[in-house]
Amino acid sequence: MNDDFSSVTQKIADGAALDERDWQTLIDTHDLIALGVAADDVRRRRHADRVTFVQVVDVPVETAANGGTLPDQAGELRLTGRPASVAAAVAAVRAVVARAGSVPVTGFALEDLQGLCGHELGRLGEVLLELREAGLALVTEAAADTLTDPEPVFDVLRTSGLTLARLTVGDVAGQAAFSLVRRVATWDGAGTVCRAFAPLRPAEPSRPTTGYSDLRQVALARLLVDNIDSIQVDWAGHGPKLAQVALTFGADDVDAVPAAAPDDLGWRRSPREEIRRNIVAAGFAAVRRNGRFETLDVHDRSEHE
Amino acid sequence: MTVESTAEKVLAGGRLSGEEALELYVAAPTSLLGRLADTIRVRKHPTGVVTYIIDRNVNYTNVCVARCSFCAFYRPVGADDGYVLGFDELFRKIDETLAVGGVQLLLQGGHNPDLPLEWYEDLFGAIKARYPDFKLHALSPPELLHLSRLSQQPVPVVVDRLVRAGLDSVPGGGAEILVDRVRRLLHCDSKATADEWLSVMRVVHRAGLRSTATMMYGSVERLEERVEHLCRLRELQDETAGFTAFITWSYQPPNTELGGAEATGIDYLRTLALSRIVLDNFDNLQASWVTQGGKVGQLSLAFGANDMGSVMIEENVVRAAGAEYCMDEAEIVRNIEDAGFAAKRRNMVYDVMGDPFFRERSIPRRTELAVARLAGDTTVPAEVSRYPARSRPGKEQRRQAAQQPELGTGD
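Line by line, the protein sequences give chains A and C.
The numbering of the first sequence is the working numbering, which starts it at 1 and goes up by one.
The numbering of the second sequence is the working numbering, which starts it at 1001 and goes up by one.
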């Protein structure tokens, strides 16, 4: 580890502001392990050895009214896709809540809801209240790259009583994502309305990233974004191997663990056992949570030996 | 010893005992293992170069009598989808390999009782006659042992005959875990015990050939058996200095008789790092992107690897077990450079051959690895009938070919 890098990580530990040179030192380093160690230190101070995960059932908003059996391992029912109207969104929430039992129902991208409201904040507040009254537990996500002026939006969320399950980097990667991480770190009020920050966009074969750039982004997010409690990776979107390694580079929450194994794959372990095995193998205790971020149970290393 | 004192010993260039290595593996955080492995990599490769080879991984037959329980690739003798590649098919594969800058075939296959030693000699001779500079990195120790048993010739004689036919170097496949308890559980002790695998490698090295060494972990072995495997390789390397590189990969369970779950990405990085620490007399460690994927494959460069292995072009064995990762030369180079290293092409003995080939001439991008044979292709190469078969189905095939010479032309 070189002196410049050490002094930057010391500044972070001290809560001191980073200047341009510090920032460049962080994103230019190829000493991935040093970056990971620094991020892991920060992560362990916040979350000790706990890694949370949630098992999600995606429910396309257009088929929300259809019945069907829910997998018994679901920790969250998530409405996906853009609703055609506010009324359709509310109806979809009501339909899923009616068969969800105690499983929290989340849904929607904030930018889609803003679109339905003509980007009027007052109307957005009314819609969020309607959705909450219909039974929505949390809004699934908001893309940070679409939030040019986030604070008024966060105010609306606070007033509605709904929070965001996660803030994402939207569609950006590489240098643009590093800059976005830095910008999110300046949003002081973000932590009161966002439960987690997801610094990686889902993997896309046509626009591949690398393991180094992904882990650097996760580590930088944990080092810099001290205004949001959790750094999240996506089990399905990033793949189990990268998601697991990311847990040692600052991530503490795993989203999108399937609630049931696909019928066609013939998996040898249930998704729940597989995620627990991976978390424990990475040296952490596996904490199953639900869509409200409430702890359901804890498995530590001793139960896997 | 404490983890700290063991780490100090590694950093000071000391050699770890098996017990120390095991303690380190069990107790050290992943970051410390990575840091120690990376320090050794930098010490051995201070120029910041990461190498790779353009070659083709060809499996000349999938027919195998070994029946290892971890293998999803083999087919029993007489199976409808068993195959043997013809000489002409192999020539075509070599032509394709040369066109993308390839320098050798990695040629391995099942223990097919109907392919005698003479078939290999003729194949190697034919390849060398057509492609004198093209290298044959071929036949892992269990295959050599199989040929020794089949031909009733001692291993040194088999090796000598194959070298005279054109064999250049030997891949380190079939090592799995070099502990006989594990090999019995995996049903691979009959193809080669740990001592047999090592003694074949000793013969190979004494014959002046270089080889690689491998380890397939994550099946039924205990951690101390992984360490024992590494220590046994280190011991032979002290004796012969014949290994050019070490490659480890995780057991791939899908479609195998053994089944189970694959070891995790962290397991891979920790095992790789430990290998770099224990194998202090090995210069080169390869990343196994074909089993781990490109991202963890690239991360290997932070955990002790200094080589991205082969572009492969073709892969059959790991694919049979469900892993279908593909990286062409441009993608391998992108990953090397993104990690902050300079990418260089190499040959089997790690001589640098030059800068990336795709930057010198236009090569179509490749998004999936080729296969040995297209599904449903049951062609029997004509020349196979020239060699005596040992199996009953093989003898029947020869008899039919003799009666109907127009069949099985392979053209």
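By construction, the Cβ of each residue, glycine as well, lies at the ideal position given by its N, Cα and C atoms.
A quick note: this is a predicted structure, and the numbers were derived from the prediction, not measured.
Using a 10 angstroms sphere on the CB of residue 21 (chain A), the tally of other CB atoms stays under 16, which defines it as exposed. Below the 7 Å Cβ cutoff, chain C contributes 1031 as neighbours of residue 36 (chain A), in chain order. A direct Cα-Cα distance of roughly 16 Å separates residue 1237 (chain C) from residue 1169 (chain C).
Separation of residue 1096 (chain C) and residue 1105 (chain C) (C-alpha to C-alpha, rounded to the nearest whole angstrom) is 11 Å. Under the 8 Å criterion on CB atoms, residue 1214 (chain C) is classed as non-interfacial with respect to chain A.
Among the residues of chain C, those whose CB is under 9 Å from the CB of residue 278 (chain A) are 1264, 1265 and 1266, following chain order.
Closest option to residue 68 (chain A), judged by alpha-carbon separation, among A:55, A:194, A:100 and A:83: A:100. Chain A places a beta carbon closer than 8 Å to that of residue 1302 (chain C), counting this residue as a contact. Distance from residue 138 (chain A) to residue 163 (chain A) at the Cβ level is roughly 5 Å; contact confirmed, criterion being Cβ atoms closer than 8 Å. Shown here for residue 1305 (chain C): same chain residues with a beta carbon closer than 7 Å to its own, the five before and five after excluded, namely 1272, 1285, 1286 and 1287 in chain order. Around the CB of residue 40 (chain A), 16 or more other CB atoms lie within 10 Å, so the residue is classed as buried.
Within the segment 189-221 of chain A, those residues whose Cβ lies closer than 9 Å to any Cβ of chain C are, in chain order, 203, 205, 208, 209, 210, 211, 212, 213, 214 and 215. Listed by position along chain C, the residues whose Cβ is nearer than 8 Å to that of residue 236 (chain A) form an empty set, because the closest Cβ is around 15 Å away.
Taking one beta carbon from each stretch, the segment 283-303 of chain A and the segment 1251-1265 of chain C have fewer than 3 pairs nearer than 8 Å; the two do not touch.
Across the structure, residue 1231 (chain C) and residue 1018 (chain C) are spaced so that their CA atoms are roughly 7 Å apart.
In the three-state scheme derived from DSSP, where H, G and I count as helix and E and B as strand, residue 1231 (chain C) is classed as helix. Near chain C, meaning a CB-to-CB distance below 8 Å, the residues of the segment 36-50 of chain A are 36, 37 and 40.
Nearest to residue 1218 (chain C) by alpha-carbon distance, out of C:1269, C:1246 and C:1206, is C:1269.
Membership of residue 1120 (chain C) in any beta strand (DSSP E) is not indicated; the residue belongs instead to the alpha helix (DSSP H) covering 1117-1130.
Counted as a single uninterrupted DSSP element, the stretch harbouring residue 1205 (chain C) is not any beta strand (DSSP E) but the alpha helix (DSSP H) occupying residues 1194-1206. Between residue 1274 (chain C) and residue 1021 (chain C), the CB-CB gap stays under 8 Å. CA-to-CA, the gap between residue 150 (chain A) and residue 45 (chain A) works out to about 28 Å. Residue pairing of residue 1108 (chain C) in beta bridges, as defined by DSSP: C:1059.
Where residue 123 (chain A) is concerned, the enclosing alpha helix (DSSP H) starts and stops at 121-134. Taking a beta-carbon distance threshold of 8 Å, residue 1269 (chain C) counts as an interface residue toward chain A. Check the Cα spacing between residue 175 (chain A) and each of A:28, A:36, A:60 and A:259: the tightest is with A:28. DSSP places residue 55 (chain A) within a strand segment (E or B) once states are collapsed to three.
By the Cβ neighbour-count rule, residue 1011 (chain C) is exposed, with fewer than 16 other Cβ atoms within 10 Å of its own. When 7 Å is used as the limit between beta carbons, residue 30 (chain A) is near these residues of chain C: 1339 and 1340, in chain order. Sorting C:1397, C:1341 and C:1281 by C-alpha distance to the C-alpha of residue 1242 (chain C) places C:1281 at the top.
Runs of alpha helix (DSSP H) with 4 or more residues, each lying fully within the segment 1241-1303 of chain C, are found at 1265-1278 and 1289-1299, listed in chain order. Nearest CB-CB separation between residue 1298 (chain C) and chain A: below the 8 Å threshold. Close to residue 10 (chain A), with beta-carbon spacing below 8 Å, lies no residue of chain C; the smallest spacing is near 18 Å. Between the segment 96-112 of chain A and the segment 187-199 of chain A, the count of C-beta pairs closer than 8 Å stays below three; the two stretches do not touch. Close partners of residue 1261 (chain C) in chain A (Cβ separation under 8 Å): 268, 269, 274 and 277. In this model, residue 1121 (chain C) and residue 1291 (chain C) are separated by some 32 Å (Cα to Cα).
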